[in-house]
Amino acid sequence: MKPIDIDTTILARRESILAGLRALVPHDRVIATETSLRPYETDGLTAYKSMPMVVVLPETGAEVSAVLRYCHGNDVKVVPRGAGTSLSGGAIPLADGVLLSMMKFNRIKEIDFDNRVAVVEPGVTNLAITRAVEHRGFYYAPDPSSQIACSIGGNVAENSGGVHCLKYGLTTNNVLGVELVLMTGEVVRLGGKQLDQAGYDLLGLVIGSEGMLGVVTEVIVRILRAPECARALLVAFSSSEAAGATVADVIAAGIIPGGMEMMDRAAVAAVEDFVHAGYPLDAEAVVLIELDGQEVEVDHLVARVREIALARGATECRISTSDAERLAFWAGRKAAFPAVGRLAPDYFCMDGTIPRRELPRVLAGMAELSQRHGLRVVNVFHAGDGNLHPLILYDANARGELDRAEEFGADILRLCVEVGGVLTGEHGVGIEKRDLMPQMFSETDLAHQIRVKCAFDAKHLLNPGKVFPVLHRCAELGRMHVHAGQLDFPEIPRF
Numbered sequence: 106m107k108p109i110d111i112d113t114t115i116l117a118r119r120e121s122i123l124a125g126l127r128a129l130v131p132h133d134r135v136i137a138t139e140t141s142l143r144p145y146e147t148d149g150l151t152a153y154k155s156m157p158m159v160v161v162l163p164e165t166g167a168e169v170s171a172v173l174r175y176c177h178g179n180d181v182k183v184v185p186r187g188a189g190t191s192l193s194g195g196a197i198p199l200a201d202g203v204l205l206s207m208m209k210f211n212r213i214k215e216i217d218f219d220n221r222v223a224v225v226e227p228g229v230t231n232l233a234i235t236r237a238v239e240h241r242g243f244y245y246a247p248d249p250s251s252q253i254a255c256s257i258g259g260n261v262a263e264n265s266g267g268v269h270c271l272k273y274g275l276t277t278n279n280v281l282g283v284e285l286v287l288m289t290g291e292v293v294r295l296g297g298k299q300l301d302q303a304g305y306d307l308l309g310l311v312i313g314s315e316g317m318l319g320v321v322t323e324v325i326v327r328i329l330r331a332p333e334c335a336r337a338l339l340v341a342f343s344s345s346e347a348a349g350a351t352v353a354d355v356i357a358a359g360i361i362p363g364g365m366e367m368m369d370r371a372a373v374a375a376v377e378d379f380v381h382a383g384y385p386l387d388a389e390a391v392v393l394i395e396l397d398g399q400e401v402e403v404d405h406l407v408a409r410v411r412e413i414a415l416a417r418g419a420t421e422c423r424i425s426t427s428d429a430e431r432l433a434f435w436a437g438r439k440a441a442f443p444a445v446g447r448l449a450p451d452y453f454c455m456d457g458t459i460p461r462r463e464l465p466r467v468l469a470g471m472a473e474l475s476q477r478h479g480l481r482v483v484n485v486f487h488a489g490d491g492n493l494h495p496l497i498l499y500d501a502n503a504r505g506e507l508d509r510a511e512e513f514g515a516d517i518l519r520l521c522v523e524v525g526g527v528l529t530g531e532h533g534v535g536i537e538k539r540d541l542m543p544q545m546f547s548e549t550d551l552a553h554q555i556r557v558k559c560a561f562d563a564k565h566l567l568n569p570g571k572v573f574p575v576l577h578r579c580a581e582l583g584r585m586h587v588h589a590g591q592l593d594f595p596e597i598p599r600f
């Protein structure tokens, strides 16, 4: 384990900083004892941990503004945190920084059915929005697998997607506005209830910025009418390559399903043992395809997709005959991550995105990498948009396995970039993919990205050490540069 590089002058001032924060936020919402801090030391990337110096739980935008203004004036780092479900280490704290937990912001402030929007605080869970509007026939489209727990603020930070993002878009396509507090404490509003804004698309810049540009205190989301009809197909194949080719064929035919997911044989076995959804255990791969819209349209598309799948050699094709059966098909996919958790003591959930046509090639490449690294991989994909979630199984207590798992994951992401894809689809870069950024971006690319960061946070106090692999502060030029071999921000230790 590498030690964290920490600012010892900040730690020496810890008591003074605690007093300053308690003057802004009630004492019971400033957490400073070791026992109370322990639950915050990691997020969904549990292979890494770091105890925060202090955790602050504000309840109002004014408190967030005051805390950030204080930290800016005293050069104290701040890491924003939602529900802590980040799988890229985006919410892992710093030993010399404040962890700003936004989970007290848990109110749905307004539901405007006429304008088809909801105004929510960032601590509201993803699924809670749909639950609040479904009685009127509406829903919130982005649906990550962690939707029962993940927060809307975290969804904004990582530009989360989910099963239905193929047709209905990611978070960026479903958020119309945010209230944002900058590191200086200044409060700004970007977007609103209207569908478009004049000027630069700063809202698009903030969504997916991984908590590095500001702290979101309010979100305006788009709500959609639930479709008249939805039916799902469960299609089995004797090879993952045939399944991947079917996915590409469906899209090439001009059909955009509401969702299209793929699982390999190992994932199917784990899910069936966990949920008993009726998945065929003899299949090498299963593809779930949901069509929605008007009933006559859905009937036509279901028949067309079935025809495409059979032409690619599908060994089984079940079509849901009721909404309960459709939901049962999806219950297995939604439970894939916890189901795989029963197969090994630990696993890495990777996140890369590739062109759909490259799916067979990447599947074959991952099988080869699995042999090379001596570790099993279970594959779960948002197949329709090429977003892969390989789950690498390992045992952190077995000597060297964590290192091999990390290198295996890095090789998968390098493969994604090699075939024309990208390092992430919805989990973000965080610390997990930080050192792989040069695989995708040149030094010039990264330097320009850092300049954008500094336009919002000139002191680089907000969530430092994430996303950018190698940073060097050039004070005489008043900007940030990227230089090989230099790292001014902390390493996060592993367990």
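The sequence shown begins at 106 in our numbering and counts up one residue at a time.
Glycine included, C-beta positions come from ideal geometry on N, C-alpha and C.
Comparing alpha-carbon positions, which option in the options lies nearest residue i?
| i | options | result |
| --- | --- | --- |
| isoleucine 216 | Val324, Ile136 and Val172 | Val324 |
| glycine 282 | Gly266, His269 and Gly258 | Gly258 |
| threonine 420 | Ala347, Asp397, His565 and Pro465 | Ala347 |
| glycine 290 | Leu339, Ala167 and Pro247 | Ala167 |
| leucine 393 | His132, Tyr153 and Glu430 | Glu430 |
| histidine 269 | Val534, Arg119 and Asp490 | Asp490 |
| tryptophan 435 | Val380, Val225 and Thr165 | Val380 |
| leucine 396 | Leu406, Gln554 and Thr165 | Leu406 |
| isoleucine 517 | Asn484, Glu548 and Thr549 | Asn484 |
| leucine 339 | Ala331, Leu329, Val321 and Val373 | Val373 |
| glycine 418 | Val293, Gly359, Pro543 and Ser343 | Ser343 |
| histidine 478 | Arg509, Arg236 and Asp451 | Arg509 |
| alanine 375 | Ala444, Leu432, Ala382 and Cys422 | Ala444 |
| glutamate 601 | Val355, Ser155 and Ala390 | Summary: the structure shown does not reach residue 601, with the chain confined to residues 106 through 600, and so no result is reported for it. |
| serine 345 | Ala303, Ala469, Ala433 and Arg294 | Ala469 |
| threonine 548 | Asp378, Gly297 and Phe573 | Going by the sequence as given, residue 548 is glutamate instead of threonine. With distances taken between Cα atoms, glutamate 548 lies closest to Phe573. |
| tyrosine 452 | Pro157, Phe513, Gly383 and Met158 | Phe513 |
Starting from the C-beta of residue i, find all residues in its chain whose C-beta is less than 6 Å away, skip the five residues before and the five after it, and write them out in chain order.
| i | result |
| --- | --- |
| asparagine 568 | Val184, Gly316 and Met317 |
| serine 191 | Asp148 and Gly149 |
| alanine 262 | Glu315 and Gly316 |
| valine 224 | Lys214, Glu215 and Ile325 |
| leucine 205 | Val161, Val183 and Pro185 |
| valine 403 | Cys334, Arg336 and Leu396 |
| proline 450 | Asp500 |
Within the same chain, show all residues whose beta-carbon is closer than 7 Å to that of residue i, passing over the 5 residues directly before and after it, in chain order.
| i | result |
| --- | --- |
| threonine 113 | none |
| arginine 241 | Phe218 |
| glutamine 399 | Glu333 and Cys334 |
| asparagine 264 | Leu275, Thr276, Thr277, Ile312, Gly313 and Glu531 |
| serine 475 | Arg481 and Val482 |
| leucine 507 | Ala152, Tyr499, Ala501 and Arg599 |
| phenylalanine 442 | Ser250 and Cys454 |
| isoleucine 253 | Thr230 and Leu232 |
| methionine 545 | Val522, Val527 and Leu528 |
| threonine 165 | none |
Under a Cβ-count criterion, where at least 16 other Cβ atoms within 10 Å of its own Cβ denotes burial, should residue i be classed as buried or exposed?
| i | result |
| --- | --- |
| tyrosine 305 | exposed |
| leucine 116 | exposed |
| methionine 585 | Bear in mind that the predicted position of methionine 585 carries a pLDDT of just 39, short of 50, making it unreliable; the figure below should be weighed with that in mind. Answer is buried; the Cβ neighbour count reaches 16. |
| serine 250 | buried |
| serine 425 | buried |
| valine 169 | buried |
| alanine 503 | exposed |
| leucine 386 | exposed |
| valine 280 | buried |
| proline 131 | exposed |
| glutamate 301 | Per the sequence presented here, residue 301 reads as aspartate, with glutamate not at that position. It is exposed - the Cβ of aspartate 301 has fewer than 16 other Cβ atoms within 10 Å. |
| histidine 494 | buried |
| valine 293 | exposed |
| proline 144 | exposed |
Any heavy atom of the ligand SAH inside 8 Å of the beta-carbon of residue i?
| i | result |
| --- | --- |
| valine 445 | Ligands in the displayed structure: none, and consequently the ligand SAH is not present. |
Tell me, to the nearest whole angstrom, how far the beta carbon of residue i is from that of residue j; I am working on the premise that it is less than 8 Å.
| i | j | result |
| --- | --- | --- |
| arginine 466 | glutamate 366 | The pair is not a contact, with the Cβ atoms about 20 Å apart (cut-off 8 Å). |
| leucine 142 | valine 172 | That belief does not hold up - the Cβ atoms of leucine 142 and valine 172 are roughly 17 Å apart, past 8 Å. |
| lysine 209 | glycine 228 | 6 Å |
| asparagine 260 | asparagine 231 | 6 Å |
| glycine 535 | glycine 195 | 4 Å |
| leucine 285 | valine 320 | 7 Å |
Sorted by chain position, which residues of the same chain lie with C-beta nearer than 8 Å to residue i's C-beta, five sequence neighbours on each side aside?
| i | result |
| --- | --- |
| glycine 125 | Tyr175 and Asn179 |
| threonine 529 | Ser193, Asp456, Gly457, Thr458 and Lys538 |
| leucine 271 | Ile361, Pro362, Gly363, Gly364, Met365, His487, Gly489 and Asp490 |
| valine 352 | Met365, Met367, Val392, Arg461, Leu464, Ala488 and Gly489 |
| lysine 564 | His177, Asp180 and Met288 |
| arginine 519 | Leu541 and Gln544 |
| field | Unbroken stretches of the alpha helix (DSSP H), 4 residues or longer, contained in the region 254-316 | value | Counting whole runs of 4 or more residues, the region 254-316 contains the alpha helix (DSSP H) stretches 257-263, 270-273 and 307-311.
| task | Could you pull out every unbroken alpha helix (DSSP H) segment of at least 4 residues lying fully inside the region 178-241, listed in chain order? | result | For the region 178-241, whole alpha helix (DSSP H) runs of length 4 or above, ordered along the chain, are 231-238.
| request: At 3 residues or longer, and completely inside the region 152-180: list those beta strand (DSSP E) runs for me, N to C. | output: Within the region 152-180, complete beta strand (DSSP E) segments of at least 3 residues are found at 159-161, given in chain order.
| query | Which parts of the region 471-536 are runs of the alpha helix (DSSP H), unbroken and 4 residues or longer, counting only runs that do not cross its ends? | reply | Fully contained in the region 471-536 are the following alpha helix (DSSP H) runs of length 4 or more, in chain order: 506-523.
| Whole alpha helix (DSSP H) runs in the region 398-471 with 4 or more residues, listed along the chain? | Those alpha helix (DSSP H) runs which fall completely within the region 398-471 and span 4+ residues are 400-416, 428-439 and 441-445.
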